[in-house]
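Note that the protein sequences, when read in sequence, are chains A and B.
Under our numbering, the first residue of the first sequence carries the number 1, and numbering increases by one thereafter.
Under our numbering, the first residue of the second sequence carries the number 119, and numbering increases by one thereafter.
First the structure, in the form of structure tokens, and then the observations on it.
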Amino acid sequence: MIAVCTLLLAAALSPADQERVDALSEEFRCVVCQNQSIADSDAEIASVMRTLIEERIAAGDTDAEVRAFLTARYGEYVLLSPEKSGKNALLWAGPALALLGGGWWAFSLFRGSAKRQS
Amino acid sequence: MDTSTFGTVLLSVATFAAAVMALSGLAPIGHRRGLAVSGAAAGAMLVTVVYAFFLLMNAYASTDLSLINVYLNSHSLKPAVYKLTGTWGNHEGSLLLWLVMLAGFGGAMAFHSRGDAALRKRALGVQGLLAFAFLLFTVLTSSPFAPYPATWPTPPDGRGLNPLLQDPGLAIHPPTLYLGYVGLSAVYSFTIAALWRGDLGKEWARTVRPFLLFAWGALTLGIGLGAFWAYYELGWGGFWFWDPVENASLMPWLAATALLHCVMVVERRDALKPWCAALAILAFGASLMGAFLVRSGIVTSVHAFANDPERGIVLLFLAVLFTGGGLILFALRGSSLISREAFEPVSREGALVLNNLFFSVLLFTVFLGTFWPTVIEVSTGTRISVGPPYYNVMTAPLAVAMAAALAFGLLIPWKRRGKGGWQKPYQIILGVGAVGGIALMVLLKGNVWALMGFVASLFVLGGVVADLARKAGSPQTAVARLSGLTARSWGAVLAHFGLALLMLGITASSLFQTEARLVLEPGETATVRGLDITFKGSAQTNGRNYIVEFDRIEVTDSGRLLATVDPSRRYYPVADKATTEVAIRRLGLGNLYIASGSSPDGGSARTFRVYVHPLIHLLWSGAVLIALGGFVSAFAPGKAKSAKKAARSAVEAPA
Numbered sequence: 001m002i003a004v005c006t007l008l009l010a011a012a013l014s015p016a017d018q019e020r021v022d023a024l025s026e027e028f029r030c031v032v033c034q035n036q037s038i039a040d041s042d043a044e045i046a047s048v049m050r051t052l053i054e055e056r057i058a059a060g061d062t063d064a065e066v067r068a069f070l071t072a073r074y075g076e077y078v079l080l081s082p083e084k085s086g087k088n089a090l091l092w093a094g095p096a097l098a099l100l101g102g103g104w105w106a107f108s109l110f111r112g113s114a115k116r117q118s
Numbered sequence: 119m120d121t122s123t124f125g126t127v128l129l130s131v132a133t134f135a136a137a138v139m140a141l142s143g144l145a146p147i148g149h150r151r152g153l154a155v156s157g158a159a160a161g162a163m164l165v166t167v168v169y170a171f172f173l174l175m176n177a178y179a180s181t182d183l184s185l186i187n188v189y190l191n192s193h194s195l196k197p198a199v200y201k202l203t204g205t206w207g208n209h210e211g212s213l214l215l216w217l218v219m220l221a222g223f224g225g226a227m228a229f230h231s232r233g234d235a236a237l238r239k240r241a242l243g244v245q246g247l248l249a250f251a252f253l254l255f256t257v258l259t260s261s262p263f264a265p266y267p268a269t270w271p272t273p274p275d276g277r278g279l280n281p282l283l284q285d286p287g288l289a290i291h292p293p294t295l296y297l298g299y300v301g302l303s304a305v306y307s308f309t310i311a312a313l314w315r316g317d318l319g320k321e322w323a324r325t326v327r328p329f330l331l332f333a334w335g336a337l338t339l340g341i342g343l344g345a346f347w348a349y350y351e352l353g354w355g356g357f358w359f360w361d362p363v364e365n366a367s368l369m370p371w372l373a374a375t376a377l378l379h380c381v382m383v384v385e386r387r388d389a390l391k392p393w394c395a396a397l398a399i400l401a402f403g404a405s406l407m408g409a410f411l412v413r414s415g416i417v418t419s420v421h422a423f424a425n426d427p428e429r430g431i432v433l434l435f436l437a438v439l440f441t442g443g444g445l446i447l448f449a450l451r452g453s454s455l456i457s458r459e460a461f462e463p464v465s466r467e468g469a470l471v472l473n474n475l476f477f478s479v480l481l482f483t484v485f486l487g488t489f490w491p492t493v494i495e496v497s498t499g500t501r502i503s504v505g506p507p508y509y510n511v512m513t514a515p516l517a518v519a520m521a522a523a524l525a526f527g528l529l530i531p532w533k534r535r536g537k538g539g540w541q542k543p544y545q546i547i548l549g550v551g552a553v554g555g556i557a558l559m560v561l562l563k564g565n566v567w568a569l570m571g572f573v574a575s576l577f578v579l580g581g582v583v584a585d586l587a588r589k590a591g592s593p594q595t596a597v598a599r600l601s602g603l604t605a606r607s608w609g610a611v612l613a614h615f616g617l618a619l620l621m622l623g624i625t626a627s628s629l630f631q632t633e634a635r636l637v638l639e640p641g642e643t644a645t646v647r648g649l650d651i652t653f654k655g656s657a658q659t660n661g662r663n664y665i666v667e668f669d670r671i672e673v674t675d676s677g678r679l680l681a682t683v684d685p686s687r688r689y690y691p692v693a694d695k696a697t698t699e700v701a702i703r704r705l706g707l708g709n710l711y712i713a714s715g716s717s718p719d720g721g722s723a724r725t726f727r728v729y730v731h732p733l734i735h736l737l738w739s740g741a742v743l744i745a746l747g748g749f750v751s752a753f754a755p756g757k758a759k760s761a762k763k764a765a766r767s768a769v770e771a772p773a
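And the structure:
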């Protein structure tokens, strides 16, 4: 019965929307699994969450709205890609800062030795 | 003497030997005498630890329930091979395996007669100190030889091993990985010894090179085997999940990869020495951190194994002690290592600096992603996740830049800009890579990630081909010149070629996979990527220590029978756990992968997840080639020997 419902619902979505559902499913964590996205998981909660995404897309939500909806319902924990908010600033900016800092260090290494050479 | 007492005595003797090894290595006594005593102690420790290991293995083989460790982790009905491998399928046993490796590398350092005596003596001392700390930890908190308490009722049988671990993967994945982790201890010990006397140069580089390359090769193989095991055992259709414990194995690998390129600069140019020392300490520190992370319970992971915060804290203390101690020594002595030599940015060493910069940023990114959820949970109480989408965004662009730097590094000569002979081939590589990547993306209807993956693979492949072409010279000289190349050069060629295959395999198998969820009644057929999948029916049989239910599937390609496979589910009554056994069939360089789930409604219908993973065998063979490259280079004869050989064969080969 559930399978039939899911199939009917899936049939109502256009292929483009189905692609959006698949892409979005990769972004959420299955709350009862160990590090699995809901796209990968066979757990019941994962299929419930996938159905929710399908419903929201069918209702005309944007990707951002779907994300907000699921986060409001299950907490920030389900986002595999954490919010780009102030508290996660270091997480998102850290690698770029490290690249800049390291690049500056490498540059000074060459410049320093170039000076010594001349 | 019973097993418990005997094992404890062996480990106590080993602890004493480690103490002697540490003291004689570190005490200010004559090099000759210190080296002899320390080496003998290393030998004694190796013999006792290996003896203890076989004693425990024997206890597992005979399900000796007088040991609580065997009672908790084994069962008499388990197949013999899993009784043996179950020895290290738990916290205490795996620590003993760790000790075997630590003692083994100690022995190798003692009997590897090359290198300066003072350096070796002190390195043995540091290795002895490491072994002493871990032996003490094992004996005091985690002895696998603890007896089954006399006051407890006599057990009828053991509690069994986690069914997920009852797999050939357990026989090879942990030992290979540990060989890598612990191999880095030898690199650490030599580095501390060199820092101690404030002289870390070519001598140090030549001594650590074989240990580093061997450890790196083993680590590569261990990580690859882990990915392969996860692929066929977990039934999720993936091979890498950015799980904290996977990351814990990736971090030392990234540090070691940066280090082995950095060591080349020390060997050839006597530069970047402080940086190399710091990397060597960090690489082993990352291994220790990994050992702590698996056992701490602070991260959730499929590897969650002995979630025991108290013992985890002691391991964290050891990790901090050895990493921190090394870094303090580095802070005191690092400045004396700075070399005054001129450094040209457009040169091989310039490219290697770029390599180290990128690898360090990658290492930092993985570190940040792994520990950020803990930081946020401790500071704000909110639980967050950092998963694949984060790592993809952060690492894919970096991979393209690294591939471009790699091709540049392979073409540019050491020390100088040269006559610019590298420029034209490099422009061709970049052009072909970019155009080829875009063409593949458009043809295969891929996305921007696919573009990055293709471009990066093509850059690396182009670099390897151009490098070989340059070394070969003209077609007339190719055979003579290429056969005159050193094993070290071939090692690099293998590893870089393997990297190109690995990146292509990852791109193709994850971005161009087909995934289908099917609900089929017996006799029903579904079509996945042109293949007809027919569910014939289910049956149940008994395995040795499990019940198995398998679903017969016939795969046909336009009427022609390709394969009959039986994806199944096992139930292990002793552990009361179920596992999924996927059916994998090779299709060219790709795989058809079928996992069968339970019945959706209790009837005869079954849910199946069917994947087609194109080119996934490039990924596995790429990983093997990278490791092979490391081993070939590790066992390559030293410079003096190969120079002699080259003189004998009188073949001119450019370096």
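Beta carbons are placed, not taken as given, at the ideal position from N, Cα and C, and that holds for glycine.
Quick caveat: nothing in here was measured; it's all calculated off a predicted structure.
The DSSP-derived three-state label of T643 of chain B is strand. V48 of chain A and L80 of chain A have their C-alpha atoms some 17 Å from each other.
Shortest Cα-Cα distance from I45 of chain A to any of A:A23, A:R73, A:D63 and A:R20 involves A:R73. Taking C-beta atoms under 8 Å as the contact rule, L475 of chain B and G94 of chain A fail to qualify, at a distance of about 15 Å. The beta-carbon of D275 of chain B is placed no less than 8 Å from the nearest beta-carbon of chain A. C-alpha of A701 of chain B to C-alpha of L214 of chain B: approximately 35 Å in a straight line.
In chain order, L80, S81, P82, L91 and W92 make up the part of chain A whose C-beta sits under 9 Å from the C-beta of Y508 of chain B. Closer than 8 Å to the CB of S14 of chain A there is not a single CB belonging to chain B. For the options B:N510, B:L707 and B:L603, the alpha carbon positioned closest to that of P755 of chain B is the one of B:L603.
DSSP, reduced to helix, strand and coil, places A525 of chain B within a helical segment of the structure shown. For I556 of chain B, the enclosing alpha helix (DSSP H) has its first and last residue at Q541 to L561.
A residue is called buried once 16 or more other Cβ atoms fall within 10 Å of its Cβ, and E639 of chain B, having fewer, is exposed.
Taken through DSSP and simplified to helix, strand or coil, N35 of chain A comes out as coil.
DSSP lists B:F668 and B:E699 as the bridge partner or partners of S686 of chain B. Non-local beta-carbon contacts of F615 of chain B in its own chain, meaning distances under 7 Å to residues more than five positions away in sequence, involve V582 and L743 in chain order. C-alpha of P15 of chain A to C-alpha of V21 of chain A: approximately 10 Å in a straight line. Exposed is the label assigned to F107 of chain A, since fewer than 16 other Cβ atoms lie within 10 Å of its Cβ. Residue-level contact by beta carbon holds for Y77 of chain A and chain B, with a gap shorter than 8 Å. In the structure shown, K533 of chain B falls within a coil segment according to DSSP collapsed to helix, strand and coil. Nearest to V728 of chain B by C-alpha distance, out of B:K695, B:G747, B:T643 and B:A741, is B:T643.
It is roughly 57 Å from the alpha-carbon of P507 of chain B to the alpha-carbon of G148 of chain B. Around S478 of chain B, the beta-carbon contacts reaching into chain A at under 8 Å are A98 and G102. Each of B:L153, B:G555, B:F229 and B:G161 was checked against the Cα of A236 of chain B, and the nearest Cα belongs to B:L153. Excluding the 5 residues flanking it on each side, P82 of chain A has same chain C-beta neighbours closer than 6 Å at N88, in chain order. Per DSSP, G243 of chain B is one residue of the alpha helix (DSSP H) stretching across A235 to T259. G430 of chain B carries a helical assignment under DSSP once its states are collapsed to helix, strand and coil. Here I651 of chain B carries a strand assignment [DSSP, helix/strand/coil]. Rounded to whole angstroms, the gap between the alpha carbons of G316 of chain B and F526 of chain B is 33 Å. Taken atom to atom, the span from the alpha-carbon of D719 of chain B to that of L710 of chain B is near 26 Å. Between Y306 of chain B and I399 of chain B, the C-beta gap is smaller than 8 Å, which places the two residues in contact. CA-CA distance, G356 of chain B to T121 of chain B, rounds to 42 Å.
For V730 of chain B, the uninterrupted beta strand (DSSP E) run begins and ends at R724 to H731, by DSSP. For D40 of chain A, the nearest CB of chain B lies under 8 Å from its own CB, placing it at the interface with that chain.
Within chain A, the residues placing a beta-carbon under 7 Å from that of M512 of chain B are P95, ordered along the chain. R703 of chain B is positioned such that its CB atom lies no closer than 8 Å to that of A723 of chain B. Listed in chain order, the non-local C-beta contacts of R606 of chain B below 6 Å within the same chain comprise S751 and A754, local neighbours out to five positions each way being set aside.
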